[in-house]
C-alpha cells in the first residue's frame, strides 16, 4: 500500500487492452520477434535470446514476448497507455479503508511536462510497454487491476472492515461502491484472458499456479531493482537487490470468483510468486467445496528458485522452468 515497484510483465495486459480498445491491434495482430528490435536508434532486447518467432496477442501474453509489447506500446503512444492503465486501477489510489495509501505512476506527456518541465520522447514509451521505465505500481493497485480484468471492467474498492462492535453487538459495514467502470469490449477482454489462461495452463511461465480442475488465469512478472551494469557493484555491497517477483491472477477464467496478486520483494522470479498463488487458490477452492484444507506450505513445498536470472545463457526477465500442478481436493 505504501511501496512502489515496477510491475514488469504483469503490465503487458494493460498495454494489450489499450491496443485492443483503441483499435490499434486485433487479437490476430502478429509481430515477428527475432530476440530484439530497434526503436529510435536503440536496440531493445527480448528476454528470449533466440526470439519467439511470429506471434499473435494470445501467445505474446502466454510467452511474455517483450518485442511484441515494445511494438504495441510504440503504436499506442504513452497517453493512450496511461488512459487505459489508469482505467484498470493503476497509477491511482485504490480507496482502501486504511490511511496513508500512496499512488503508483503511469506516466503521460502531461506528467513529464509538469514534473520535469520536459517533453516526453517516443523512445521512452518502449520500456513502459513491458512494465519498466517510469511506470510504478503498489501491490494493492495490482490486486484492483486483477479484479478489474476479472469482473469485466468494474474498478472495485478494496476494503478490510467487515463489521464493527461499539458495545451493542456487531454491525456490518457495507462494502464501498466501485471507483469507476472501464468500458471494455467483452470479446477483446476475452482475448487477454485467453492469453493469461495460457500462462498457467499452456506453455507459459505460470504453470506453478495451476490447480487441477480449475481454470486459473494469470501473469508472472519479474522486475529489475537495479540496472544490469550495477549488478556487480550490488553483489559486492551485500545488499539484497535481487529482482522482484509478481503474479496477478483470477479464477476461473470465465466468470471468475477470486482475483488477487502475490508480490515477492527480491523474490527473483515471477514463477516463485505463482507458487504462492497456487496455495492460495487451492485453499480457496478446498474451502468452497467443503474439502479438507491443504496443509500450510513448508519451505520445501515452496522450492523457490533463487538462481541468478542474469547468469550465463540467461537474459533479464527469463523465468525458470515450470513444474506440476496441485489438486485442490487433497
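In the working numbering, the protein residues as written are -4 to 325. Idealized CB from N, CA, C, for every residue including glycine. The structure displayed is predicted, hence computed values, not measured ones.
query = Going by other Cβ atoms of all chains shown within 10 Å of its Cβ, with 16 needed for buried, is residue 255 buried or exposed?
reply = Along the chain shown, read from residue 1 onward, the residue named residue 255 stands at position 260. Around the beta-carbon of residue 255, 16 or more other beta-carbon atoms lie within 10 Å, marking it buried.
key: Whole-number beta carbon distance between residue 34 and residue 121, since they are thought to touch under 8 Å   = Translated into positions along the chain shown, residue 121 becomes position 126. Translated into positions along the chain shown, residue 34 becomes position 39. The beta carbons of residue 121 and residue 34 sit about 5 Å from each other, so the pair counts as a contact at 8 Å.
Per DSSP, cross-strand counterpart(s) of residue 40 = Position 45 of the chain shown, counting from 1, holds the residue named residue 40. Bridge partners of residue 40 according to DSSP: 31.
task = Report the option in 284, 244, 78 whose CA atom is closest to the CA atom of residue 139.
result = Here residue 139 corresponds to residue number 144 of the chain shown, with the count starting at 1. Nearest neighbour of residue 139 by Cα position, chosen from 284, 244, 78, turns out to be 244.
inquiry  = For residue 281 and residue 80, what's the separation of their Cα atoms in angstroms?
reply    = By 1-based counting over the chain shown, the position of residue 281 is 286. By 1-based counting over the chain shown, the position of residue 80 is 85. One C-alpha to the other measures close to 33 Å.
inquiry  = Which runs of the alpha helix (DSSP H) at least 4 residues long sit entirely within the stretch 121 to 202? Give them in chain order.
reply    = Runs found: 134 to 146, 181 to 196.
message = Taking the alpha-carbon of residue 137 as reference, which of 258, 13, 111, 266 has the nearest alpha-carbon?
response = On the chain shown, position 142 is the one that residue 137 refers to. Of the candidates 258, 13, 111, 266, the residue whose Cα lies closest to the Cα of residue 137 is 258.
key: Candidates 83, 145, 82, 90: closest to residue 253 by CA position   = For the purposes of this step, residue 253 is taken as residue 258 along the chain shown, with counting starting at 1. Looking only at 83, 145, 82, 90, the smallest Cα-Cα distance to residue 253 is reached by 145.
message = Taking only three categories from DSSP, how would you classify residue 211?
response = As a first step, residue 211 must be located in the chain shown, where it is residue number 216. Coil, per DSSP.
message = Suppose you measure from the CA of residue 330 to the CA of residue 171; what does that come to, to the nearest Å?
response = Absent from the structure is residue 330, since the part of the chain shown begins at -4 and ends at 325.
inquiry  = By the three-class DSSP mapping on this structure, what secondary structure does residue 233 have?
reply    = Counted from its first residue, the chain shown places residue 233 at position 238. In this prediction, residue 233 scores a pLDDT of 49, lower than 50, which makes its location untrustworthy; no coordinate-derived value is stated.
query = If we count the other Cβ atoms within 10 Å of its Cβ and call it buried at 16 or more, is residue 214 buried or exposed?
reply = On the chain shown, position 219 is the one that residue 214 refers to. It counts as buried.
ask   = Within 10 angstroms of its Cβ, does residue 167 collect 16 or more other Cβ (buried), or is it exposed?
value = By 1-based counting over the chain shown, the position of residue 167 is 172. Around the Cβ of residue 167, a 10 Å sphere holds fewer than 16 other Cβ atoms; the residue is exposed.
ask   = Is it right to say residue 239 is buried, meaning 16 or more other beta carbons lie within 10 angstroms of its own, or is it exposed?
value = Position 244 of the chain shown, counting from 1, holds the residue named residue 239. Buried is the call here.
key: Status (buried if at least 16 other CB within 10 Å, exposed otherwise) for residue 57   = Taking the chain shown and counting its residues from 1, one reaches residue 57 at position 62. Buried is the label assigned to residue 57, since at least 16 other Cβ atoms lie within 10 Å of its Cβ.
task = Can you give me the start and stop residues for the alpha helix (DSSP H) that residue 77 sits inside?
result = For the purposes of this step, residue 77 is taken as residue 82 along the chain shown, with counting starting at 1. Looking at the DSSP string, the run of the alpha helix (DSSP H) that includes residue 77 is 73 to 82.
key: residue 262: first and last residue of the uninterrupted alpha helix (DSSP H) it sits in   = Locating residue 262 in the chain shown gives position 267, where the first residue counts as 1. No alpha helix (DSSP H) holds residue 262; DSSP gives it neither H nor E.
task = Report all residues from its chain with a CB closer than 7 Å to the CB of residue 68; omit the five preceding and five following residues, and keep chain order.
result = Taking the chain shown and counting its residues from 1, the one referred to as residue 68 is at position 73. Excluding residues within five positions, the ones whose Cβ falls inside 7 Å are 10, 76, 120, 121, 123, 124.
inquiry  = Just to confirm before moving on: does the CB-CB distance between residue 149 and residue 84 stay below 8 Å?
reply    = Here residue 149 corresponds to residue number 154 of the chain shown, with the count starting at 1. Here residue 84 corresponds to residue number 89 of the chain shown, with the count starting at 1. Against a cut-off of 8 Å, the Cβ pair of residue 84 and residue 149 comes out as no contact.
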